[in-house]
């Protein structure tokens, strides 16, 4: 039986790496990948802690719904990214600044 | 299965499997961070996602592990690969494929702070020890019963959300 702390350490490191990817990269698709990594880190915690619960199904259901939300988010985000690329010819978030002026 | 693993002094096998999959998880994520090519970065993400499915198996959630592979690897990652290939065309393909980093050191520092904070806080928390997943209980049946009885509202909301996303994404992406 792996202790919960090990899962917590792995998911904390994964969350930090996903956070670093999301704020470092100047590419919208890579930022989306960073957000996916962060969501996965949260899922690991839900599944690990559901083992201590009375009904293990509840924590697992939460991670299932997170996966559904992540799929929906990725679909909409990629549609917006493709549209932005047609509009601006770039997916660098620094170059997409029309609303500024 | 875990019962006889513990009984026969073979518990270290679980730890070896856990170490293997966590190495894959963190290695894939780090490769995504340090890769200079966005497509190779997507393959790093693939490694990470499959290893996370292995971690779910170690935690005794087999249905979540299968869903992870089906939804993330079979759905989201393929979608991302299509996004990369569709946005890397025409005269701006260098711009879409190249990876530009800003504030590399600062962001790694912030990330290390976040990870250290969470880990320190996790060590200070007290929680009941994990009970070990009872293999007698059918997890998939349990999940299905919950989805159809107590969590049916969430299931319906997820369905409506997916319909909205389907309509919205195709509306946004149309020419």
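Residue numbers (this note's numbering), protein chains in the order written: chain A, 1 to 101; chain B, 1001 to 1175. Built from N, CA and C at the ideal position, the CB exists for glycine as well.
Residue 27 (chain A) sits away from residue 1080 (chain B), with the two beta carbons spaced by 8 Å or more.
The beta-carbon distance between residue 1025 (chain B) and residue 1052 (chain B), rounded to whole angstroms, is 6 Å. This is short enough to meet the 8 Å contact definition.
Flagged as an interface residue toward chain B: residue 68 (chain A), by a C-beta distance shorter than 8 Å. When Cβ-Cβ separations below 8 Å define contact, residue 1126 (chain B) makes no contact with chain A. Considering only beta carbons, the part of the segment 1059–1088 of chain B lying closer than 8 Å to chain A consists of 1059, 1060, 1061, 1063, 1064, 1067, 1068, 1071, 1072, 1075, 1076, 1079, 1080, 1082, 1083, 1084, 1086 and 1087, in chain order.
Close CB contacts of residue 31 (chain A) within its chain, under the 7 Å cut and outside five residues either way in sequence, are with 22 and 25 (chain order). Taken in chain order, the members of the segment 1013–1029 of chain B whose beta-carbon sits within less than 8 Å of a beta-carbon on chain A are 1014, 1015, 1018, 1022, 1025, 1026 and 1029. Nearest CB-CB separation between residue 1041 (chain B) and chain A: below the 8 Å threshold.
Residues of the segment 1101–1121 of chain B whose Cβ lies closer than 7 Å to any Cβ of chain A, in chain order: 1101, 1102, 1103, 1104, 1107, 1108, 1111, 1112, 1114, 1115, 1118 and 1119. Judged by DSSP secondary structure, residue 1088 (chain B) falls outside any alpha helix (DSSP H); it is assigned neither H nor E. For residue 1156 (chain B), no chain A residue has a C-beta closer than 9 Å to its own C-beta; the minimum C-beta separation is roughly 12 Å. Along the segment 22–33 of chain A, going in chain order, the ones with a CB nearer than 8 Å to a CB of chain B are 23, 24, 25, 26, 27, 29, 30, 32 and 33. In the three-state reduction of the DSSP assignment, residue 1037 (chain B) falls in the strand class. The criterion of a C-beta distance shorter than 8 Å is satisfied by residue 7 (chain A) and residue 48 (chain A). Along the length of the segment 1040–1085 of chain B, whole alpha helix (DSSP H) runs at least 4 residues long occupy 1062–1067, reported in chain order. At a beta-carbon threshold of 7 Å, none of the residues of chain B lie near residue 96 (chain A); the nearest stands roughly 12 Å away. With respect to residue 1061 (chain B), residue 1139 (chain B) sits close: the two C-beta atoms are nearer than 8 Å. Not one beta carbon of chain B lies nearer than 8 Å to the beta carbon of residue 87 (chain A). Nearest to residue 34 (chain A) by C-alpha distance, out of B:1045, B:1035 and B:1027, is B:1045. Under the Cβ criterion of 8 Å, residue 1139 (chain B) is counted among the residues facing chain A. A straight-line Cα-Cα distance of about 15 Å links residue 20 (chain A) and residue 1117 (chain B).
Excluding residues up to 5 positions away in sequence, 1049 lie with their Cβ nearer than 6 Å to the Cβ of residue 1072 (chain B) in the same chain.
Here residue 1098 (chain B) carries a strand assignment [DSSP, helix/strand/coil]. One finds 1165, 1168, 1169 and 1172 in chain B with Cβ atoms closer than 9 Å to the Cβ of residue 76 (chain A), taken in chain order. In terms of CA proximity to residue 66 (chain A), A:43 leads the group A:43, A:5 and A:37.
Taking 8 Å as the CB threshold, residue 1099 (chain B) lines the interface with chain A. A Cβ-Cβ distance of about 11 Å is found for the pair residue 76 (chain A) and residue 1162 (chain B), leaving them out of contact under the 8 Å criterion.
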